[in-house]
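Colleague:
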Amino acid sequence: MPMDPSVVEHVARLARLELSDEERQRFARQLGSILEYCATLNELDTEHVEPTSHVLTLTNVFRDDVAGTPLPRDAVLAAAPDHEDGFFKVPPIIETE
Amino acid sequence: MSTPAIATSYETVIGLEIHVQLLTASKMFCACPVTFGAPPNTLICPVCLGLPGSLPVLNRKAVDLGLRTAVALGCTAQPTSQFHRKNYYYPDLPKNYQITQYRYKVHPPLAIDGSLEIPREDNLVPGGTGRRIGVRRVHLEEDTGRLVHAEQHGRIRYSLIDFNRSGVPLMEIVTEPELRSPQEARTFLARLRAVLQAIEVSTGKMEEGSLRCDANVSLRRPGAELGIRTEVKNMNSLRSVERALAYEVERQRAVLDRGQPVEQETRHWDERRGITFSSRTKEEAQDYRYFPEPDLVPIAVAPQWVAQVRASLPELPEAKRRRYVATYGLPEYDAELLTSSAAMARFFEETVRLFPHPKAACNWLVGDITAYLNVAGKEIDELPVTPAHLAELLQLVERGAISGRTAKEIVAEMLAQGRRPEVIVGERGLAQISDEEALARIVDEVLAEHTGPVSEYRAGKTQALTFLVGQVMKKTRGRANPEMANRLLKEKLKS
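Chains as they are written, first to last, in the UniProt record's numbering: chain A, 1 to 97; chain B, 1 to 495.
(1) Locate the beta strand (DSSP E) running through ASP113(B), then write down its first and last residues.
(2) For LEU124(B) and GLU332(B), I'd like the C-alpha separation in whole angstroms.
(3) Comparing alpha-carbon positions, which option in LYS492(B), THR466(B), PRO303(B) and GLY329(B) lies nearest GLN78(B)?
(4) State the Cα-Cα distance for the pair ALA79(A) and ASP45(A), rounded to the nearest angstrom.
(5) Between VAL168(B), VAL135(B), VAL71(B) and PRO91(B), which has its C-alpha nearest CYS45(B)'s C-alpha?
(6) Going by DSSP, which residues form a beta bridge with GLN152(B)?
(7) Taking DSSP as the reference, what is the three-state secondary structure of ASN234(B)?
(8) Which same chain residues end up closer than 7 Å to ARG229(B) when comparing Cβ atoms and leaving out the 5 residues on each side of it in sequence?
(9) Assuming LEU49(B) and VAL76(A) make a contact with CB atoms under 8 Å, what is their CB distance in whole Å?
(10) Could you tell me which chain A residues have their CB closer than 7 Å to the CB of SER159(B), listed as they occur along the chain?
(11) Grab the span of the alpha helix (DSSP H) containing TYR328(B) for me, first residue to last.
(12) Distance cutoff 8 Å, beta carbons only. Does ASN41(B) sit that close to anything in chain A?
(13) What does the Cβ neighbour count give for ARG68(B), buried or exposed, with the cut at 16 atoms within 10 Å?
(14) With DSSP as the reference, label ARG85(B) as helix, strand or coil.
(15) Could you compute how far the alpha carbon of VAL20(B) sits from the alpha carbon of VAL375(B)?
(16) Please state if the CB of HIS139(B) and the CB of GLN101(B) are separated by a distance shorter than 8 Å.
(17) From the beta carbon of GLU84(A), is the nearest beta carbon of chain B less than 8 Å away?
(18) State yes or no: is the beta carbon of ASP4(A) nearer than 8 Å to at least one beta carbon in chain B?
(19) From SER53(A) to ARG85(B), what distance separates their C-alpha atoms?
(20) Please go through the same chain and pick out, in chain order, the residues whose beta-carbon is closer than 8 Å to the beta-carbon of ARG267(B), but skip the five residues on each side of it.
(21) Considering only their Cβ atoms, is the gap separating THR42(B) from PRO70(A) smaller than 8 Å?
(22) When burial is assigned at 16 or more other CB atoms within 10 Å of the CB, is LYS359(B) buried or exposed?
(23) May I ask which residues mark the beginning and end of the alpha helix (DSSP H) holding LYS27(B)?
(24) Do the segment 169-185 of chain B and the segment 238-252 of chain B meet, that is, are 3 or more Cβ pairs less than 8 Å apart?
(25) Write down the C-beta distance between VAL71(B) and ARG310(B) rounded to the nearest angstrom, noting that I regard them as a contact closer than 8 Å.
(26) Name, in chain order, the residues that DSSP records as bridge partners for SER218(B).
(27) On a CA-only basis, which of ILE433(B), THR187(B) and MET28(B) is nearest ARG399(B)? Give me that one, please.
(28) Can you pull the chain B residues whose beta carbon is under 9 Å from the beta carbon of ALA28(A), in chain order?
(29) DSSP three-state call for ARG131(B): helix, strand or coil?
(30) Which stretch, first to last residue, makes up the alpha helix (DSSP H) that contains VAL71(B)?
(31) Counting C-beta neighbours from all protein chains within 10 Å, is the total for ILE34(A) 16 or more, i.e. buried, or is it exposed?
(32) Using CA coordinates, which residue listed in ARG191(B), LEU468(B), ARG165(B) and LEU313(B) is at the minimum distance from GLY130(B)?
(33) Please identify, using Cβ separations under 7 Å, the residues of the segment 368-402 of chain B that lie next to chain A, in order along the chain.
(34) What number of angstroms, rounded off, separates the C-alpha of PRO108(B) from the C-alpha of VAL397(B)?
(35) Helix, strand or coil for VAL47(B) per DSSP?
(36) Excluding five sequence neighbours on each side, which residues of the same chain lie with their C-beta closer than 8 Å to the C-beta of GLU151(B)?
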């Protein structure tokens, strides 16, 4: 069953993606079938099973609090689409009063 | 505009969310240095830039500092806790998610259920018991980058990003909604800051952003369910916390008195205009899609770890305050001021060790010295003055080498330049005149010059003596030993 297109729109907006009508329909269809497939898992009784967030049994993997050498700024900024005075430069973020 | 015939009484309900920058040398998940005020984008690496393939490794010290705070606030450290990804798209967050700790039942944050005491507003008496404000949780997370908006003609043309702060270790402390006034909120925050400084977890400097406070505020009729709350942000000092909340409480009261509902929203405090305003961003219902961070394994805190942390904690401000009142006999108010900053408490104790007159040291510290610090906007450990300087000043006054008035004159120079009071006194010729012969000559001069007051005194108007003492002080530029001047005048007036 296709996903409700408004849910597709919501998820797209959270990811700051603009979708065309055609894409919205297509993704609704595709996501619907993915979710349907995943729903197979619901057939299992997991009432008394702790959710698994890690398959490893490790805990407490730490590093010591020692400062290292950061990257050279020029090298980092060279990889950016745009920069100014040592800052990354991005389109305006609309958050006005 | 206000014509309430019947004043409506509401109860104010405030809860705080406090973000604390932890005192580490390196970031939370990478080795980039943590320093304040470095040039933009000079403290960054693949991890804090969120470059593909980079992996976070947790800084042990950050966990330790979180546990110190948890123990100091009486929280229960969780045997295991876990990081989560909080997903949202904003340019200050290069990974598009923030690594934080979400409160899931099965994956709790670092520590929960503590408290911190504040004084009861109606019970500021020595030894009085306070009111404990619940601390709901203490958790760890990473800071975001910093955005600078380039404006032209009031419009934002583009934005600039500095990722130096990205990945800096933060601790979030959330209180229960148990604060009942803006003033209580300020007191709580001041006491929390004192704790954080005392246990060396943070500098607690709000103006540098190492301590940030957001508040949830609502009003309700006593005994009723909680009202609709607003979240107030952008309060950058203790004073602005109190001002912003006082404004917001009054705003909500006015809305409710008009019979309208309070809108649930985020409001920003504008320090200059003294108002809160709605940020009016078109926020969809917040949907952060938290899930466990697969790149970081859980933190397991064994009881021995907590015991170690407990054993390593210094005396906390609450205990210090009680001790100052009990053993030094200081007033509650003074003890509060002295313990409100760890630097001040250390300075006080060291001064008292060198010159064991706690009340005198306290009077100078909470009086002239605090006034000076407030104007300068500094902590005492940021000035060149040392406890040895203050101890010397107290000694000079104590043995009568200088008058209290002279001490007040030189204290600013001592604080600002860290110079020994004895040297300042010598240079400026301010030493008190306690040489009886020298002072007697001056007294004779004054008596000769002011025959009017002299005969008034002899005729029984004893107030004239005050005037004559004043004249002796004037002639000596305040350096005369006042008791000696008094005695000499009386003796000579009798004869």
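Note that CB positions come from ideal geometry on N, CA and C, so glycine has one too. All values reported here derive from a predicted model rather than from experimental measurement.
Modeller: For this structure:
(1) 111-119
(2) Note that LEU124(B) has pLDDT 49, beneath the 50 cutoff, so the model's placement of it is unreliable and no number is given.
(3) PRO303(B)
(4) 49 Å
(5) VAL168(B)
(6) ARG155(B)
(7) strand
(8) ASN216, VAL217, SER218 and GLN264
(9) 7 Å
(10) VAL90, PRO92 and ILE93
(11) 317-328
(12) yes
(13) buried
(14) strand
(15) 25 Å
(16) yes
(17) yes
(18) no
(19) 12 Å
(20) THR230, GLU231, VAL232, LYS233, GLU248, THR276, PHE277, SER278 and SER279
(21) yes
(22) exposed
(23) Per DSSP, LYS27(B) belongs to no alpha helix (DSSP H) and is neither H nor E.
(24) yes
(25) 5 Å
(26) VAL13(B)
(27) ILE433(B)
(28) Simply none; closest approach about 18 Å.
(29) strand
(30) 60-72
(31) exposed
(32) ARG191(B)
(33) none
(34) 58 Å
(35) coil
(36) ARG157
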